[in-house]
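Presented below is the structure to which this report refers.
Residue numbers (the numbering used here): 749 to 894.
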């Protein structure tokens with residue numbers, strides 16, 4: 749599993765805590781399995797568990813609390829629904845040497861945002877290899893990414 753630090757929070761009866769932090773992954777093998785599930789399955793279960801303490805106003809004692817919550821969330825579902833929405837081919841390559849440009853709809857039904865980075869695909873036209881296709885500096889956002 750991965751671990752996050754939840755900051756000290758003052759609350760009355762219900763508190764929403766938004767946390768943004770880098771998370772150290774102590775078990776890369778387990779994270780790789782999780783990533784495969786996230787990409788390939790329709791839904792996954794994510795469990796958050798831990799221990800904390802709270803102190804009620806006017807009482808000096810801290811009370812220990814254990815919690816565990818499992819959520820079933822939508823996953824990426826093998827990129828089902830991926831489609832090229834437009835494409836143009838130029839006989840003269842651009843300054844980078846590319847001559848095929850297009851837009852692709854990559855669905856992400858999950859709630860997870862993932863920075864993927866640079867992606868290289870083998871592209872085929874009519875069953876013949878047409879060469880590599882690139883997505884540079886790609887982030888997969890919830891809903892659809894273009």
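Where is the CB? At the ideal position from N, CA and C, for every residue including glycine.
Assuming residue i and residue j are in contact, meaning their beta carbons sit under 8 Å apart, how far apart are those beta carbons, in whole angstroms?
i           : j           : result
residue 783 : residue 822 : Going by Cβ atoms, the distance from residue 783 to residue 822 rounds to 15 Å, so no, they are not a contact pair.
residue 795 : residue 778 : Residue 795 to residue 778, Cβ: 13 Å. No contact.
Taking residue i as the reference, which of the options has the closest Cα?
i           : options               : result
residue 772 : 752, 816, 780 and 758 : 752
residue 882 : 845, 785 and 816      : 845
residue 860 : 878, 785, 885 and 848 : 785
Just how far apart, CA to CA, sit residue i and residue j?
i           : j           : result
residue 832 : residue 803 : 55 Å
residue 866 : residue 888 : 12 Å
residue 872 : residue 851 : 16 Å
residue 754 : residue 841 : 51 Å
residue 876 : residue 870 : 10 Å
residue 868 : residue 878 : 13 Å
Exercise. Taking one C-beta from the region 805–814 and one from the region 829–844 each time, how about it: are there three or more such pairs within less than 8 Å?
Worked result: no
Problem set entry | Those runs of the alpha helix (DSSP H) which lie wholly inside the region 794–842 and span at least 4 residues | none
For this session: Indicate whether the contact test is met: 3 or more Cβ pairs, each with one atom in the region 853–861 and one in the region 823–835, closer than 8 Å.
Result: yes
Exercise. At a cut of 8 Å, does the region 760–772 reach the region 791–800 through at least three beta carbon pairs?
Worked result: no
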